[in-house]
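All remarks here apply to the structure that follows.
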Amino acid sequence: MDSAVMSAVAQYCADCKASRPRYANITLGIWLCNHCYGIHRNVGAHVTRTKCVGLDSWSTQELHRMKSIGNERAASYWEGQVPDGYIRPSPKSTNEEVEKWIRDKYEKKLYCPRDSPPQAFLSFRRSPRAPHLIDMNKNKVSISTYHFRE
């Protein structure tokens with residue numbers, strides 16, 4: 054994985070802005086903190102498919118999706134119509150506040166453009182599949198390709 058993706062991993066949670074997210078919503082192409090990851094899992098597979106950085110294997114296609122979308126690009130779509138003055142969740146928000154934000158944002162699609170369906174935004178050029186392992190230490194992220202023995 055290149056440095057652009059590695060820096061995306063180490064930035065912030067897409068939903069509450071907590072630093073150093075360790076999880077990903079590979080359906081939406083966003084990085085999540087532990088708190089928001091748990092809520093995304095509870096929302097259900099119809100909205101989200103998640104992975105843990107460092108524990109799960111990642112295909113080249115999944116890594117490409119994360120690089121192609123990422124938190125900033127995702128926010129420009131999913132939060133494009135958030136009303137002025139709306140207070141977004143923070144790392145100190147309650148589960149209820151964060152869950153409402155996540156459901157309103159991704160499930161109900163309250164803040165995305167009405168004339169642009171999520172499918173158009175979430176599409177990306179596919180790359181070949183090959184499993185990868187992501188190892189995230191305190192100050193360093195490393196990615197390696199896993200090769201199966203025949």
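Heads up: the sequence shown runs through residues 54 to 203, numbered per the numbering used here. Even glycine gets a Cβ: it sits at the ideal position worked out from N, Cα and C.
For T103, the first and last residue of its enclosing beta strand (DSSP E): 103-105
Going by Cα to Cα distance, which pick from T147, Y139, W84, Q114 is closest to T101? Per the Cα distances, W84.
Using the C-alpha atoms, what's the distance from Q114 back to S143? 31 Å
Quick check on this structure: which residue in G107, L108, K70, G123 has the alpha carbon closest to the alpha carbon of N78? Ranked by Cα distance from N78, the options G107, L108, K70, G123 are led by G123.
Looking only at C-alpha atoms, which of I155, P166, Y164 sits nearest to K70? Comparing Cα positions, the closest option is I155.
Own chain, CB closer than 7 Å to W131, minus 5 neighbours either side, in chain order: K158, Y159, Y164, C165
When we look at the beta-carbon of A98 and count the other beta-carbons within 10 Å, is it buried (16 or more) or exposed? exposed
What number of angstroms, rounded off, separates the C-alpha of T80 from the C-alpha of A127? 11 Å
For E150 and K120, what's the separation of their Cα atoms in angstroms? 28 Å
Going by alpha carbons, who is nearest to C89 out of R167, A67, H117, D109? A67
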